[in-house]
Amino acid sequence: MTPQKKILVIGATGYVGSHLVPNLLALGYQVVASSRSIETLKHHSWYSHPNITLAEVDLKDEGNLYDLLEGVSEVFYLVHGMASGPDFYQYELNMARHVSNQIAKSQVSRLIYLGATQPNNVTSTHLAARKVTGNILRDCGKQVIELRASIIIGSGSAAFEVMRDIVSHLPVITTPVWVRSKSSPIALYTMVGYLTKLIEVPIEGSPVFDVSGPEVMSYEDQMRRFARIINKRIFIIKIPLLTPKISSMWLTLVTTVPKSIASALIDGLRYDLLPSGKDISTLIPVPQLGFEKAVESALSNECDVVKNDIWGFDPDAIARWHRNYGYYPKHAGFTVETDATAESLWSNIQKVGGDEGYFFGNWLWRIRAYMDAAIGGNALNKRRPQRISLQAGDYIDSWKVIHCVPNEHLSLLFGMKAPGLGRLEFTVINLGETRLVDIRAWWHPAGFRGLLYWFVMMPAHIFIFKGMAFALAKKSGAKKTLPSHHT
Numbered sequence: 001m002t003p004q005k006k007i008l009v010i011g012a013t014g015y016v017g018s019h020l021v022p023n024l025l026a027l028g029y030q031v032v033a034s035s036r037s038i039e040t041l042k043h044h045s046w047y048s049h050p051n052i053t054l055a056e057v058d059l060k061d062e063g064n065l066y067d068l069l070e071g072v073s074e075v076f077y078l079v080h081g082m083a084s085g086p087d088f089y090q091y092e093l094n095m096a097r098h099v100s101n102q103i104a105k106s107q108v109s110r111l112i113y114l115g116a117t118q119p120n121n122v123t124s125t126h127l128a129a130r131k132v133t134g135n136i137l138r139d140c141g142k143q144v145i146e147l148r149a150s151i152i153i154g155s156g157s158a159a160f161e162v163m164r165d166i167v168s169h170l171p172v173i174t175t176p177v178w179v180r181s182k183s184s185p186i187a188l189y190t191m192v193g194y195l196t197k198l199i200e201v202p203i204e205g206s207p208v209f210d211v212s213g214p215e216v217m218s219y220e221d222q223m224r225r226f227a228r229i230i231n232k233r234i235f236i237i238k239i240p241l242l243t244p245k246i247s248s249m250w251l252t253l254v255t256t257v258p259k260s261i262a263s264a265l266i267d268g269l270r271y272d273l274l275p276s277g278k279d280i281s282t283l284i285p286v287p288q289l290g291f292e293k294a295v296e297s298a299l300s301n302e303c304d305v306v307k308n309d310i311w312g313f314d315p316d317a318i319a320r321w322h323r324n325y326g327y328y329p330k331h332a333g334f335t336v337e338t339d340a341t342a343e344s345l346w347s348n349i350q351k352v353g354g355d356e357g358y359f360f361g362n363w364l365w366r367i368r369a370y371m372d373a374a375i376g377g378n379a380l381n382k383r384r385p386q387r388i389s390l391q392a393g394d395y396i397d398s399w400k401v402i403h404c405v406p407n408e409h410l411s412l413l414f415g416m417k418a419p420g421l422g423r424l425e426f427t428v429i430n431l432g433e434t435r436l437v438d439i440r441a442w443w444h445p446a447g448f449r450g451l452l453y454w455f456v457m458m459p460a461h462i463f464i465f466k467g468m469a470f471a472l473a474k475k476s477g478a479k480k481t482l483p484s485h486h487t
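Counted from 1, the sequence shown has number 28 at position 28 by the UniProt record's numbering; the numbering is strictly sequential.
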C-alpha cells in the first residue's frame, strides 16, 4: 500500500461514502471528502481526522475543480440526483459531464463509479440515468471502473430503508406485483470492501463489474425475512392495480425515505435486478454476508444515526434510539427572511420556554404539556438555567439543549412522551442585508404509531412554526419580514 496516495470521494456524506471514508483513513490514505455542504461533512465523526480535507462542492455549478483534483490519484464517484426532484435525470447527467470534463484535464489515474444493475428493456429513469452517467464518465479518457449493484443492505440505503419502514410500520402490507422481482442484495460491509481494494488492484482498461450478494431473492422474500429478524408477523397482499405512481404516493405515507428518492427507486424495483456481466468477486475476494447477517450488521450500527454532531453526540439521544425507528427523519418547519439582526434574533431565541413561552401559540404548547403530564411526562415542569446564555446540556422545560452555536443555531432534544425521537431547531443564516430564520422539527418515527403521531401533529406544526417565526422576528425588532423561498 502507498499511504501517501490522495483519494477524492465525491459524495462523502452518502450512505456508502460516509462508510468508505473512515475505511480509507484507517488504511493511511490522504482523503479529500466532498459534499455540497461543509456543515454536513462536519456532522460525521471522521471530519477532524488529521488525514482528511473537507471540500464544499456543488456539482450543478460549472466551476473549476482544479484545486480539488490537485494531487489526487483516484476518485470515487458516489453521487446521484434522485433527491433533486422529478428532473433528476438531466441533473445527474449534467453533474457527470462536469466531473468528466474536469478529470480529463487532471492527473487523476483512476475513477471508480458506483452505478446500478442494468436489466434488459429498462424504462426506469433511475436505472437509465445510472447507465448514461457511467458512459459520460468514461469520456474523460482516464481509466474508469464501474461497479453495478442492485440493493445494498445498510442503514441509509434507500431500498433497504423502504423495506424496513414497510415492515416496521404496517401489520398488513398491500403491495404491487413488483414485490416478486428478484435481486441479489449485497451487504454494505462487502460493498465498501470492494471499493477500498479497487484502489490498489491492477486492472486493464475501463471494465464494468457486477457486484452482488450470495443469494438471489425477491423483494417479498426480503420483507418476510426482515420481519422474522425483528420478530414481527406480517401479512402481504399483492394488488395488481398498484402502479409505480400509485405505489410512490402510498409509500410517502409509510416510509421516512424522501418522496423524490422513493418514487425514483420504486420505478427501478419493478425489474429483476440480477447480475449479467463479469463478477467483481472473481478479481477481488471479499467475505460475503448472507441476508440475515447483512441485516443484523446494519441494525447493530443503528445508533450511528444519532452519534454525530447533528445530535451533539448527546448520551440521552443515543440511549433513546431504537433500531425500529425510521432512519430518515420527517420534518416540518417554516422559514422567514427578515431585517432583524442576528444578535437580536439570537438573544430572543435563548429566551424560549419557561415563563417566556414559545413566541406564539402558547396555549397550544400548554395543551400539549398537559397531554404529556397525563401519561406520566414532565412537560409541565418549568425549567431554565440561571444564566442568560444557553449551552449544551441545559434543560428548558422538557427539552434538552444538544447543540448551540451563538447567533446561528440552537437544537433541542424532544423530551415529551411520544413514539419516536425528535428535536426542535432554530437556525439563523446571515445573508448580509437580511437574515433567514428557520424553525423546524425533526422526527424519527417509532413504527406505525410514530408515523400516525407525526401526521396527526402536522397541521399544528405548520400553524405553530409559521407563527413562531414571524413572532420571533417581530420581537427582535424587525421592520420587514417575509416568508422565504430558501427552505
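The C-beta atom is built at its ideal place from N, Cα and C for all residues, glycine as well.
Here A473 has V336, T338, A340, L345, V437, T481 as same chain residues with Cβ atoms under 8 angstroms from its own Cβ, once five neighbours each way along the sequence are excluded. Pairwise C-beta distances place the stretch 294 to 303 in contact with the stretch 150 to 157, as three or more of them are shorter than 8 angstroms. Counting C-beta pairs closer than 8 angstroms gives fewer than three between the stretch 66 to 85 and the stretch 169 to 178, which falls short of the contact rule. Taking 7 angstroms as the cut-off, the beta carbon of I229 is found no closer than this to the beta carbon of P185. Taking C-alpha positions only, A374 is separated from G353 by approximately 20 angstroms. At least 7 angstroms separates the beta-carbon of A342 from that of R233. Here F359 carries a coil assignment [DSSP, helix/strand/coil]. Inside the stretch 289 to 338, DSSP marks whole beta strand (DSSP E) runs of 3 or more residues at positions 330 to 338, from first to last along the chain. DSSP lists S411 as the beta-bridge partner residues of H403.
Rounded to whole angstroms, the separation of the alpha carbons of Y358 and Q350 is 11 angstroms. Straight-line spacing of the CA atoms in V305 and S206 works out to 36 angstroms.
Leaving aside the five residues that flank V32 on each side, the residues in its chain whose CB is nearer than 6 angstroms to its CB run, in chain order, L8, T53, A55. The three-state secondary structure of I153, taken from DSSP, is strand. Looking at the DSSP output, A116 shares a beta bridge with A149.
In the DSSP assignment, V21 falls outside any beta strand (DSSP E) and within the unbroken alpha helix (DSSP H) covering 17 to 26. Judged by beta-carbon spacing, F291 lies beyond the 7 angstroms limit of A469, meaning their Cβ atoms are not closer than that value. By the neighbour-count criterion, in which 16 or more other beta carbons inside 10 Å mark a residue as buried, R387 falls on the exposed side. Judged by DSSP in its simplified three-state form, Y29 adopts coil rather than helix or strand. Judged by DSSP in its simplified three-state form, A471 adopts helix. M95 is the residue among L421, M95, Y395, Y66 whose C-alpha sits nearest the C-alpha of L137.
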